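Asker:
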DNA sequence: ATGCCTGCAAACCGTTTGCATCCAC
DNA sequence: GTGGATGCAAACGGTTTGCAGGCAT
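Residue numbers (this note's numbering), protein chains in the order written: chain A, 4 to 156; chain B, 4 to 156.
1) Name the chain B residues that come within less than 9 Å of residue 124 (chain A), Cβ to Cβ?
2) What do you get for residue 21 (chain A), buried or exposed, if any count of 16 or more other CB atoms within 10 angstroms of its CB means buried?
3) Could you confirm whether any beta carbon from chain B is found closer than 9 Å to the beta carbon of residue 152 (chain A)?
4) If contact is defined by three or more beta carbon pairs under 8 Å, each pair taking one atom from either stretch, is the stretch 82 to 102 of chain B in contact with the stretch 29 to 49 of chain B?
5) Mapping DSSP to helix, strand and coil, what is residue 13 (chain A)?
6) Considering only C-alpha positions, which residue in the set B:62, B:9, B:111, B:141 is nearest to residue 104 (chain B)?
7) By how many angstroms is the C-alpha of residue 139 (chain B) removed from the C-alpha of residue 107 (chain B)?
8) Counting only the same chain and skipping the five closest in sequence on each side, list residues whose C-beta sits under 6 Å from that of residue 30 (chain A).
9) Starting from the beta carbon of residue 112 (chain B), find every residue of chain A whose beta carbon is closer than 7 Å, and list them in chain order.
10) Please return the same chain residues whose Cβ sits closer than 8 Å to the Cβ of residue 128 (chain B), not counting the five positions on each side in sequence.
11) Determine, using beta carbons only, whether residue 100 (chain A) comes closer than 9 Å to chain B.
12) Is DSSP giving residue 73 (chain A) helix, strand or coil here?
13) Looking only at its own chain, which residues have a Cβ that is under 7 Å from the Cβ of residue 60 (chain A), when we skip the five neighbours before and after it?
14) Short of 6 Å in beta carbon distance, which residues of its chain neighbour residue 136 (chain A), apart from the five on each side in sequence? Order them along the chain.
15) Less than 9 Å separating the beta-carbons of residue 72 (chain B) and residue 126 (chain B)?
16) In chain order, which continuous runs of the beta strand (DSSP E) of length 3 or greater are located wholly inside the stretch 94 to 124 of chain B?
17) What residue does the alpha helix (DSSP H) around residue 51 (chain A) start on, and which one ends it?
18) Please list, in chain order, the residues of the stretch 78 to 92 of chain B that have any C-beta partner in chain A closer than 9 Å.
19) Quick one: what does DSSP say residue 37 (chain A) is sitting in, helix, strand or coil?
20) Per DSSP, what are the beta-bridge partners of residue 83 (chain B) in this structure?
21) How is residue 137 (chain A) classed by DSSP in three states: helix, strand or coil?
22) For residue 135 (chain A), which residues in chain B fall below 9 Å Cβ to Cβ?
23) Are residue 79 (chain B) and residue 77 (chain A) touching if we call contact CB-CB under 9 Å?
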């Protein structure tokens, strides 16, 4: 896996050590191939080896983040969700407010917006946090149905 | 203030009561006219009347949210920030990952992106959560300076 | 008078941290 | 052997909740 070798190379270069725990966290992230909470990652790792602590998961996630190997979104429910960045292309993530589901989106139209933001406000949008909140098709349906109900009441 | 009357009307209509605490929270939100954490709001309210609890602030914010009178962003620091929605126009907010500062942005280019998302993914972006994370001009400067330092090391 | 709303305090939960031990180097 | 990494457990901080008393209606 290229991210695996990336990770090991980064570790070596910066003088960090390669441990079984770090390999397992990375493996699980790769296996999930999408956003997952620290707890979900922890539980997956735990099935591989019971002797892995949640704090180690957090510390490894911090490490991966410092290597820019993962993206994170702040879920509306107060939990952070992590995802392996398999490529370094800017991806947009659509985060559902209701159910927390995250969908990846390839948007051709987003770049001009980012350029506009940079030139007008000097604000640099982080490609690793390119997230938009709203309602996924399923919840959107429920939401609008609810709205018309409460409006009728 | 129109939001004040909106609020009172909503309260009356839904059978809720108008209390001094709720008025104070709304007043402070109006005074701030930008994003603030629950704690910041609490402290401002506290100067007006020492006998107001943080839990009441949270409960009032929940209420305001259910009335769609406030917007909220999940800060990168784990704190939520709230803002009175004075108009119902879609505003974009630029949230700094480093310092948590929030800047409002009027973007002409954003609408085509939202349309594209809706038509391609059926995902409806919430105008109240239209936030982009990244680095504000100040932190951006620090960040890039740090990067070149660590790269040099 | 009624019951919604509040203050208080404790619980909650995701995340972080201190420290003794362990193991990759 | 040495110091970075781990597991354990406790602390932390923002947010939520249960409950008895208070006040808007």
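Cβ atoms here follow ideal geometry from the backbone N, Cα and C, with glycine treated the same way.
None of these values were measured; they are calculated from a predicted model.
Answerer: Well, looking at it:
1) As a first step, residue 124 (chain A) must be located in the first chain, where it is residue number 121. Within 9 Å Cβ-Cβ: 97, 106, 108, 139, 140.
2) The count along the first chain starts at 1 and reaches residue 21 (chain A) at position 18. The Cβ neighbour count for residue 21 (chain A), taken over all protein chains shown within 10 Å, is under 16; the residue is labelled exposed.
3) Residue mapping note: residue 152 (chain A) aligns to position 149 of the first chain, counting from 1. Low confidence applies to residue 152 (chain A): its pLDDT is 45, below 50, so where it sits in the model is not reliable enough to give any reading.
4) Touching, per the Cβ criterion.
5) Your numbering for residue 13 (chain A) matches position 10 in the first chain. Three-state DSSP puts residue 13 (chain A) in a helix.
6) Within the second chain, numbered from 1, the residue matching residue 104 (chain B) stands at position 101. Among B:62, B:9, B:111, B:141, the Cα nearest to that of residue 104 (chain B) belongs to B:141.
7) Indexing the second chain from 1 puts residue 107 (chain B) at position 104. Indexing the second chain from 1 puts residue 139 (chain B) at position 136. Their backbone Cα atoms lie some 12 Å apart in a straight line.
8) In the first chain, residue 30 (chain A) corresponds to position 27, counting from 1. Taken in chain order, the list of residues that qualify is empty.
9) Indexing the second chain from 1 puts residue 112 (chain B) at position 109. Chain A residues near residue 112 (chain B): 115, 116, 119.
10) Here residue 128 (chain B) refers to the residue found at position 125 when the second chain is read from its first residue. Excluding sequence neighbours, residue 128 (chain B) sits near 117, 120, 121.
11) To locate residue 100 (chain A), count along the first chain from 1; it is residue 97. Interface annotation, residue 100 (chain A): in contact with chain B, CB-CB separation under 9 Å.
12) Looking up residue 73 (chain A) in the first chain gives position 70. Correct three-state label for residue 73 (chain A): strand.
13) Position 57 of the first chain, counted from the first residue, corresponds to residue 60 (chain A). Only 28, 41, 44, 45, 48 meet the Cβ criterion.
14) Looking up residue 136 (chain A) in the first chain gives position 133. Around residue 136 (chain A): 98, 100.
15) For this step, residue 72 (chain B) is matched to residue 69 along the second chain. For this step, residue 126 (chain B) is matched to residue 123 along the second chain. No; because the gap between Cβ atoms is not below 9 Å, this pair is not in contact.
16) List check, beta strand (DSSP E) in window: 95 to 99, 105 to 108.
17) Locating residue 51 (chain A) in the first chain gives position 48, counting from the first residue. Start and end: 41 to 51.
18) 78, 79, 81, 83
19) Position 34 of the first chain, counting from 1, holds the residue named residue 37 (chain A). Three-state result, residue 37 (chain A): coil.
20) Taking the first residue of the second chain as 1, we reach residue 83 (chain B) at position 80. Paired residues: B:77.
21) Taking the first residue of the first chain as 1, we reach residue 137 (chain A) at position 134. Residue state, collapsed to three classes: strand.
22) Counting from one through the first chain, the residue named residue 135 (chain A) turns up at place 132. Under the 9 Å cutoff, chain B gives 116, 117, 120, 126, 128, 129, 132, 133, 134, 135.
23) Position 76 of the second chain holds residue 79 (chain B). Position 74 of the first chain holds residue 77 (chain A). A Cβ-Cβ contact shorter than 9 Å links residue 79 (chain B) with residue 77 (chain A).
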